[in-house]
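Engineer: Just so you know, the protein sequences line up as chains A and B, in that order.
Quick note on this note's numbering: the first sequence kicks off at 104 and runs consecutively.
Quick note on this note's numbering: the second sequence kicks off at 91 and runs consecutively.
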Amino acid sequence: MIDLGQMSAGASLLMNWTMPLVILGGMTLGLVIGVIPGMTAALGLAIVLPLTFQMDALTALILMTSVYTGSLTGGGILAILINTPGTPGAVATTFDGYPMAKAGRANEALGLQIAASVIGGGASYFALLLFIQPMTDFALKFQSAEMLALTVFVLVAVGVLRGRYLLRSLFAGAIGLMLSTIGTSLSTGVPRGTFGFVELEDGLPIVLCVIGLFAIPELIAILPRKAISETSAKFSRGSTELLKGFALAVRSWKTWLSGSLIGIGIGLLPAAGATLSSILSYTLAMRGAKLGERFGAGEPKGVVAAESANNASEGGAMAILLALGIPGSASTAVILGAFMLHGLVPGTGLFRDNGPLIYGLIIGNLFQMIALGFVALLVAFFVARIVRIPTTILVPFLTILLAVGAYSFRGLMFDVFVVFAFGLIGWFCRRYDFTPLSLMIGLFLGRQLDEEIVRVSVLYGDDPLAMLERPITAVLFAFTAALIVYKIWGALKPAGGTAVPGSQEPAP
Amino acid sequence: MANESASRGAIVGPALCIGVAAVWAGHYVFATASNPDQDEATIALILPVLYVVVGLGLLIVTQSVLSTAREHKVSNEGAARGSHGLADKKRLTYLAATALYISGLPYFGFVASSLVFFVCSAVLFGTRNAAAIMLSALLIAAVLVGGFAGLLGVNLPLWPEGASW
């Protein structure tokens with residue numbers, strides 16, 4: 104499974120003085136980009152890519168992955184401080200991270216988030232080092248039928264376990280699916296629902312839609328408050344609280360272990376690995392909650408579950424990129440560009456021809472996780488003060504950053520309007536309990552599902568039940584049916600039954 | 091009286107959202123289906139999802155009407171929601187100011203629009219600390235010009251002349 108000779112050759116490639124500087128510089132840049140609402144990891148990577156022209160392949164790839172790792176963690180910091188996931192995978196981090204910040208425990212939440220990120224990311228790269236081949240074999244089993252079953256399962260799971268109203272949650276998910284298909288159909292090349300806007304021909308900018316969906320409603324919501332955190336707790340012990348959170352996360356080993364395993368497994372799925380894994384990890388932790396643990400209201404284990412899975416999905420995404428050359432997101436697509444730029448073609452031949460370089464990259468990524476712990480704690484220590492800034496200053500300031508970030512995404516003023524339009528949609532979703540999270544999942548999975556459903560109808564059009572002969576599909580549909588039965592059973596039971604802690608919290 | 095209006099709000103609000111979403115979804119699917127270039131694959135996903143949207147929409151409205159008639163609990167819920175609604179002076183001000191801001195961006199560029207938006211919003215929201223407003227405005231200008239345009243190399247239309255769609 105592991106080639107020790109190639110691994111030691113890879114490790115020796117890292118032994119030069121520039122590597123630590125590249126890792127620290129890339130990580131800091133990634134963290135800064137991650138904490139700016141609207142700025143995405145993909146944009147950060149695109150900015151860095153031209154800087155790597157003069158570098159050797161390994162240094163360039165280490166720089167790119169450092170920016171990527173930093174921005175993912177920065178997205179989690181933003182999720183905790185202003186309830187806005189800087190990256191889609193950080194959505195579940197808001198569920199408990201933001202309530203902690205509002206209660207004056209922002210530093211503790213950041214400590215938890217950073218430790219969980221380091222552990223999850225480290226675990227996934229370690230797994231990648233050991234099991235890259237079996238991991239990619241498992242990913243290849245997810246074909247059209249499995250993706251369809253997974254999408255249905257996730258939408259129902261979110262509706263049952265998070266939303267107060269299952270029907271409204273499913274409605275939001277269905278609208279998300281439709282919105283995601285706006286643009287030119289990938290199967291037929293026919294433009295759909297563009298209203299004549301050429302900017303929509305490539306589809307909606309999903310990342311910006313998600314940011315608008317969560318950021319604008321939150322800005323509207325916090326306006327009447329003096330600051331995000333109105334508690335009188337002093338911030339003088341910020342570093343102590345950060346370290347306290349860090350230590351607490353390390354002690355919650357069952358939570359981060361299951362989160363990491365989920366992240367590593369689900370992270371292999373293209374497009375929405377991080378998002379799905381963090382949500383599944385969170386819901387699993389919520390289902391296993393003990394008495395007194397209040398998920399959705401500032402439970403530290405909720406942050407650990409979400410963030411460990413979010414960052415653990417990184418290794419899975421990298422496995423698919425290295426072994427199959429499939430980028431699971433815009434960010435990994437830019438990293439794929441960096442591979443190509445340096446004459447490396449991801450795929451089956453990559454390991455055979457460049458074994459030491461790939462092992463060097465994976466070991467370098469493991470070192471990044473150690474550096475991430477220190478750099479992220481430092482950045483979080485300063486950024487955490489945001490929760491004390493008066494909202495009368497903070498809200499207009501963040502609105503401007505959102506507008507700039509949205510424009511920067513593709514250099515189109517149209518995208519600024521998209522962010523704010525989705526902000527209004529998000530506000531109405533929150534107000535009337537149409538779970539925004541379901542809308543977001545629909546947005547993420549719809550485009551891929553649009554392609555898959557054509558294949559499903561060709562393969563199983565005459566006999567849809569034949570899909571159940573595929574084991575993974577059958578298991579996923581069985582879980583979906585079990586969830587629906589659980590929901591109906593819960594609705595029929597008299598009040599005062601066994602409610603899942605946190606499941607009755609307002610949808611985030 | 092207040093209870094009645096809250097009950098109405100608990101039905102009308104979601105019903106309106108569902109109505110708007112369903113009309114858009116219907117228009118989207120039928121406009122696509124009537125495109126002469128399309129084939130079955132173009133609407134393979136969106137047509138069944140439209141049926142789901144309409145079906146769920148009807149179920150949600152029915153559920154809201156039934157639960158409102160049966161329980162009368164919504165009055166409290168609605169009253170509680172009222173405090174979080176858009177009928178708040180600051181929130182309405184924010185929405186109006188933001189709409190003006192993003193409408194002005196293509197014509198006045200990021201620097202002028204952002205500074206005017208920031209100063210006006212901060213004052214309208216109740217900030218009276220002139221020094222804080224000035225310092226923040228300076229920071230915004232520095233972030234836009236130095237950070238985004240200078241350091242990160244983002245090609246922002248900073249000034250009115252550079253504004254483009």
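Ideal placement from N, C-alpha and C gives every residue a C-beta, glycine not left out.
#1: Could you tell me if the beta carbon of Ser-204/B falls within a distance shorter than 7 Å of some heavy atom in the ligand SAM?
#2: When the distance is taken between beta carbons, is Thr-132/B closer than 8 Å to Arg-295/A?
#3: What residues are listed by DSSP as bridge partners for Pro-188/A?
#4: Taking 8 Å as the CB-CB limit, is Val-557/A close to chain B?
#5: Would the beta-carbon of Ala-218/A fall within 8 Å of that of Ala-352/A?
#6: How long is the line joining the alpha carbons of Ser-541/A and Ala-318/A, rounded to whole angstroms?
#7: With burial defined as no fewer than 16 other Cβ atoms inside 10 Å of the residue's Cβ, what is the status of Trp-356/A: buried or exposed?
#8: Report the three-state DSSP secondary structure of Gly-237/B (helix, strand or coil).
#9: Buried or exposed: where does Ser-111/A fall if 16 or more other Cβ atoms within 10 Å of its Cβ makes it buried?
#10: Between Gly-194/B and chain A, is any beta-carbon pair separated by less than 8 Å?
#11: For the stretch 479-491 of chain A and the stretch 187-197 of chain B, state whether three or more C-beta atom pairs, one from each stretch, are separated by less than 8 Å.
#12: If you drop the 5 nearest sequence neighbours on each side, which residues of the same chain put their C-beta closer than 7 Å to that of Val-144/B?
#13: Round the Cβ separation of Met-203/A and Ala-195/A to the nearest angstrom and send it over; I've been treating them as touching at under 8 Å.
#14: Could one say the Cβ of Leu-149/B lies closer than 8 Å to chain A's Cβ atoms, at least one of them?
#15: What would DSSP say about Arg-218/B, mapped onto helix, strand or coil?
#16: Could you tell me the alpha carbon to alpha carbon distance between Gly-179/A and Arg-573/A, rounded to whole angstroms?
#17: Cα separation between Gly-446/A and Met-158/A?
#18: Between the stretch 308-316 of chain A and the stretch 508-521 of chain A, do three or more beta carbon pairs fall short of 8 Å?
#19: Listed from N- to C-terminal order along the chain, which residues in the stretch 199-221 of chain B have their beta-carbon within a distance smaller than 8 Å of any beta-carbon of chain A?
#20: Say whether chain A places a C-beta atom closer than 8 Å to the C-beta of Val-235/B.
#21: Determine, for Ser-288/A, whether the minimum Cβ-Cβ distance to residues of chain B falls below 8 Å.
#22: Does any C-beta atom of chain A lie closer than 8 Å to the C-beta of Tyr-197/B?
#23: Could you please tell me which residues of the stretch 469-496 of chain A, in chain order, have their CB closer than 8 Å to any CB of chain B?
#24: Would you mind working out which of Phe-500/A, Ile-587/A, Asp-536/A sits nearest Cys-210/B, comparing C-alpha positions?
#25: Per DSSP, Thr-287/A is paired with what?
#26: Take every Cβ of the stretch 265-281 of chain A, pair it with every Cβ of the stretch 532-550 of chain A, and state whether three or more of those distances are shorter than 8 Å.
#27: Measure the Cβ-Cβ separation of Ile-496/A and Ile-185/A and say whether it is below 8 Å.
#28: Classify Phe-298/A as buried or exposed, calling it buried when 16 or more other Cβ atoms lie within 10 Å of its own Cβ.
#29: How many Å lie between Gly-177/A and Asp-127/B at the Cα?
#30: 8 Å is my cut-off, CB to CB: does Tyr-510/A come that close to chain B?
#31: Quick check: is the beta carbon of Leu-595/A nearer than 8 Å to any beta carbon in chain B?
#32: Would you mind sorting Trp-120/A into buried or exposed? The rule is 16 or more other CB atoms within 10 Å of its CB.
#33: Do Ala-226/A and Ser-363/A have their C-beta atoms closer together than 8 Å?
#34: Given a threshold of 16 other Cβ atoms within 10 Å of its Cβ, counted over all protein chains shown, does Ile-438/A qualify as buried or as exposed?
Structural biologist: So, from the listed chains and residues:
#1: Looking for the ligand SAM in the displayed structure turns up nothing, as the structure carries no ligands at all.
#2: As a working mapping, residue 295/A is identified with position 192 in the first sequence. As a working mapping, residue 132/B is identified with position 42 in the second sequence. In this structure, Arg-295/A lies near Thr-132/B, with their beta-carbon atoms less than 8 Å apart.
#3: The residue you call residue 188/A lines up with position 85 of the first sequence. Bridge partners of Pro-188/A: none, in fact.
#4: Position 454 of the first sequence, counted from the start, is the residue given in the question as residue 557/A. Chain B contact via Cβ: present.
#5: For the purposes of this step, residue 218/A is taken as residue 115 along the first sequence, with counting starting at 1. For the purposes of this step, residue 352/A is taken as residue 249 along the first sequence, with counting starting at 1. Cβ distance < 8 Å, so Ala-218/A and Ala-352/A count as in contact.
#6: Your numbering for residue 541/A matches position 438 in the first sequence. Your numbering for residue 318/A matches position 215 in the first sequence. Whole-angstrom Cα-Cα distance: 16 Å.
#7: Taking the first sequence and counting its residues from 1, the one referred to as residue 356/A is at position 253. Burial check for Trp-356/A: the Cβ neighbour count within 10 Å stays below 16, so the residue is exposed.
#8: One-based indexing of the second sequence puts residue 237/B at position 147. Of the three classes helix, strand and coil, the one that applies to Gly-237/B here is helix, per DSSP.
#9: Here residue 111/A refers to the residue found at position 8 when the first sequence is read from its first residue. Counting other Cβ atoms within 10 Å of its Cβ, Ser-111/A stays below 16 and is therefore classed as exposed.
#10: Mapped onto the second sequence, residue 194/B falls at position 104. Cβ-Cβ to chain A under 8 Å: no for Gly-194/B.
#11: Counting C-beta pairs with one atom in each stretch, the stretch 479-491 of chain A and the stretch 187-197 of chain B have fewer than three that are closer than 8 Å, which means they do not touch.
#12: Mapped onto the second sequence, residue 144/B falls at position 54. So the qualifying residues of the chain are Ala-112.
#13: Taking the first residue of the first sequence as 1, we reach residue 203/A at position 100. Taking the first residue of the first sequence as 1, we reach residue 195/A at position 92. Met-203/A to Ala-195/A, Cβ: 14 Å. No contact.
#14: By 1-based counting over the second sequence, the position of residue 149/B is 59. By this cut-off, Leu-149/B is an interface position.
#15: Residue numbering aside, residue 218/B sits at position 128 when the second sequence is read from its first letter. Shown here, Arg-218/B sits in coil according to DSSP, grouped into three states, outside any helix or strand.
#16: Taking the first sequence and counting its residues from 1, one reaches residue 179/A at position 76. Taking the first sequence and counting its residues from 1, one reaches residue 573/A at position 470. Taking the straight line joining both Cα atoms gives about 36 Å.
#17: On the first sequence, position 343 is the one that residue 446/A refers to. On the first sequence, position 55 is the one that residue 158/A refers to. Gly-446/A and Met-158/A: Cα-Cα distance of roughly 13 Å.
#18: Contact between the stretch 308-316 of chain A and the stretch 508-521 of chain A is present, because at least three Cβ pairs lie under 8 Å.
#19: Hits within the stretch, in order: Phe-200, Ser-204, Phe-207, Phe-208, Ser-211, Ala-212, Phe-215, Gly-216, Thr-217.
#20: To locate residue 235/B, count along the second sequence from 1; it is residue 145. Residue contact check for Val-235/B against chain A: no CB pair falls below 8 Å.
#21: Indexing the first sequence from 1 puts residue 288/A at position 185. Taking Cβ atoms only, chain B reaches closer than 8 Å to Ser-288/A, which makes this a yes.
#22: Residue mapping note: residue 197/B aligns to position 107 of the second sequence, counting from 1. No, Tyr-197/B lies away from the interface with chain A (no Cβ there is under 8 Å from its Cβ).
#23: Hits within the stretch, in order: Pro-493, Thr-494, Thr-495, Ile-496.
#24: Your numbering for residue 210/B matches position 120 in the second sequence. Among Phe-500/A, Ile-587/A, Asp-536/A, the Cα nearest to that of Cys-210/B belongs to Phe-500/A.
#25: By 1-based counting over the first sequence, the position of residue 287/A is 184. According to DSSP, which records beta bridges pairwise, Thr-287/A is partnered with Pro-294/A.
#26: Contact holds between the stretch 265-281 of chain A and the stretch 532-550 of chain A, because three or more Cβ pairs, one in each stretch, are under 8 Å apart.
#27: Here residue 496/A refers to the residue found at position 393 of the first sequence. Here residue 185/A refers to the residue found at position 82 of the first sequence. Inclusion of Ile-496/A and Ile-185/A in the CB contact set at 8 Å is not warranted, their separation being larger than that value.
#28: On the first sequence, residue 298/A is found 195 positions in, with the first residue counted as 1. With fewer than 16 other Cβ atoms from the protein chains shown falling within 10 Å of its own Cβ, Phe-298/A counts as exposed.
#29: Here the question's residue 177/A lines up with position 74 in the first sequence. Here the question's residue 127/B lines up with position 37 in the second sequence. Cα to Cα, the separation comes out at about 45 Å.
#30: Here residue 510/A corresponds to residue number 407 of the first sequence, with the count starting at 1. Interface criterion met: the Cβ of Tyr-510/A is under 8 Å from a Cβ in chain B.
#31: Your numbering for residue 595/A matches position 492 in the first sequence. Under the Cβ distance rule, Leu-595/A does not count among the residues neighbouring chain B, no pair being separated by less than 8 Å.
#32: Here residue 120/A refers to the residue found at position 17 when the first sequence is read from its first residue. Exposed is the label assigned to Trp-120/A, since fewer than 16 other Cβ atoms lie within 10 Å of its Cβ.
#33: Along the first sequence, one-based indexing puts residue 226/A at 123. Along the first sequence, one-based indexing puts residue 363/A at 260. Going by C-beta atoms, Ala-226/A is nearer than 8 Å to Ser-363/A.
#34: Residue numbering aside, residue 438/A sits at position 335 when the first sequence is read from its first letter. Ile-438/A should be labelled buried.
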